[in-house]
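Okay, so here's the structure we're looking at.
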Amino acid sequence: MDGDWGEDGAMEALRKVRTVFLDLDDTLYSQGAGFSDELRGNIERFMVERLGVRELEACELRRAFFRAHGSTLSGLRHHFGGDAVDPEEFWRYIYNGIEYAAYISPDPELVRMLRARDPEYRVCVFTNAHRDHAVRALGAIGVSCPGDVDQIIDVSAMSLRCKPSPSAFARALELAQEPDASCAVLVDDQLRNVKAALACGWQAIWLRAPTETHLNSVQREAASDDAALLTSGSVPPNASLLQLHDIRALPSLLPAVFPPSSRAP
10 MDGDWGEDGA MEALRKVRTV FLDLDDTLYS QGAGFSDELR GNIERFMVER LGVRELEACE
70 LRRAFFRAHG STLSGLRHHF GGDAVDPEEF WRYIYNGIEY AAYISPDPEL VRMLRARDPE
130 YRVCVFTNAH RDHAVRALGA IGVSCPGDVD QIIDVSAMSL RCKPSPSAFA RALELAQEPD
190 ASCAVLVDDQ LRNVKAALAC GWQAIWLRAP TETHLNSVQR EAASDDAALL TSGSVPPNAS
250 LLQLHDIRAL PSLLPAVFPP SSRAP
């Protein structure tokens, strides 16, 4: 069995779901070592070239901002001031020149799952990244919007609010026109976002990396935070924490939304 279903109550709560919010990076696709390393390098060069951060300090500052604020951009704007960091300039700089097709492969099984969903339900991509990145990444996978998903809710649409901030979850519900948090489910690879969704009254599914090996640089950094959350007791016990190791197994948890027959044999 791919998932740890947890308490019957958690599974029963999923029956209420009307709107599915899917994280993007390392959820709908794996960034892979090359992609994450190139993106991380671009962010750190931006910090050095545009903000005067010392090269030796850029990596640790980037990590600290990401952990404290949900994204490096939010941390930079908080630390240096909003006037010092233009979001559009930041996004252009960090994504410029990345060849998405070199890192992200088409995923026919995922596309088949999304296209087989019941149209009574709404499916949104909910990401802390910029919309242009989301469109390019989804395009490389073979996912269209609108079409295979209904909506992209990105950091610019949320006025730079980011998961795990409660205000980001509230804004996402508004944008998706979902009035009831308990009828929303987040599927995300970062445990802190899953924890925040649960605290906001959402349902949530943790897409957990199956092993600690072969993680990309972003996943390795998140893994240490996840381990701390699990051992601190600040999330529900494993018995009530719904988990998957493969996004393509989502029909097993949300069969009304994604009929299980949509999975390849």
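Position one of the sequence shown corresponds to residue 10 (my numbering), numbered consecutively onward. Using N, Cα and C, we set each Cβ at its ideal position, and we do this for glycine too.
In this structure, how does DSSP classify F267 when only helix, strand and coil are distinguished? Coil.
Neighbourhood of D116 by C-beta, 6 Å cutoff - its chain only, sequence neighbours within 5 removed: Leaving aside the five residues that flank D116 on each side, the residues in its chain whose CB is nearer than 6 Å to its CB run, in chain order, I150.
Which one or two residues does DSSP pair with C133 in a beta bridge? According to DSSP, C133 bridges with F30 and Q160.
Is it true that the CB of L37 sits closer than 9 Å to the CB of V164? Judged by their CB atoms, V164 and L37 are not nearer to each other than the 9 Å cut-off.
Can you give me the Cβ contacts of P188 inside the same chain, cut-off strictly under 8 Å, excluding the 5 residues immediately before and after it? Closer than 8 Å at the Cβ level, and outside the excluded window around P188, lie L182.
With DSSP as the reference, please indicate the residues paired to V203 in a beta bridge. As computed with DSSP, V203 is found in no beta bridge at all.
Three-state secondary structure assigned by DSSP to D197: Reduced to three states, the DSSP call for D197 is strand.
Reference Q252, options K204, P268, F267 and A208, closest by Cα: Nearest C-alpha to Q252: K204.
Report all residues from its chain with a CB closer than 7 Å to the CB of P269; omit the five preceding and five following residues, and keep chain order. Cβ contact annotation for P269 (same chain, cutoff 7 Å, sequence separation greater than five): P260 and S261, in chain order.
Less than 9 Å between the beta carbons of D198 and A213, yes or no? Against a cut-off of 9 Å, the Cβ pair of A213 and D198 comes out as no contact.
Taking D34 and Q40 to be in contact with their CB atoms under 8 Å, please state how far apart those CB atoms are, rounded to whole angstroms. The beta carbons of D34 and Q40 sit about 6 Å from each other, so the pair counts as a contact at 8 Å.
Rounded distance between the beta-carbons of V266 and V26, thought under 8 Å: The pair is a contact, with the Cβ atoms about 7 Å apart (cut-off 8 Å).
Can you tell me whether DSSP reads L48 as helix, strand or coil? In the three-state reduction of the DSSP assignment, L48 falls in the helix class, which pools H, G and I.
Whole angstroms is fine: what's the gap from P173's alpha carbon to R63's? Rounded to whole angstroms, P173 to R63 spans 28 Å at the Cα level.
DSSP state of L250 mapped onto helix, strand, coil: L250 falls in the coil class under three-state DSSP.
Just tell me which of V132, E58, S153 and Y109 has its CA closest to the CA of F311. Nothing in the structure corresponds to residue 311, since the chain is present only between 10 and 274.
Whose C-beta lies closer than 6 Å to the C-beta of V94 among residues of the same chain, with five residues either side of it excluded? Residues of the same chain with a CB within less than 6 Å of the CB of V94, apart from the 5 flanking positions on each side, are L85 and R86 in chain order.
Measuring straight from C-alpha to C-alpha, what distance separates Y102 and A177? Their Cα atoms are separated by approximately 24 Å.
From the DSSP output, in three-state form, read off W215 for me. For W215, the secondary structure class from DSSP, reduced to helix, strand or coil, is strand.
Entirely enclosed beta strand (DSSP E) segments - the segment 70 to 146, minimum 3 residues: Runs of the beta strand (DSSP E) inside the segment 70 to 146: 131 to 135.
Starting from A181 and walking both ways along the alpha helix (DSSP H), at which residues does that stretch end? Segment P175 to A185, the alpha helix (DSSP H) holding A181.
Go ahead and label D127 buried or exposed: buried means 16 or more other beta carbons lie within 10 angstroms of its beta carbon, across all protein chains shown. It is exposed - the Cβ of D127 has fewer than 16 other Cβ atoms within 10 Å.
Straight-line Cα distance separating R170 from R54: Whole-angstrom Cα-Cα distance: 23 Å.
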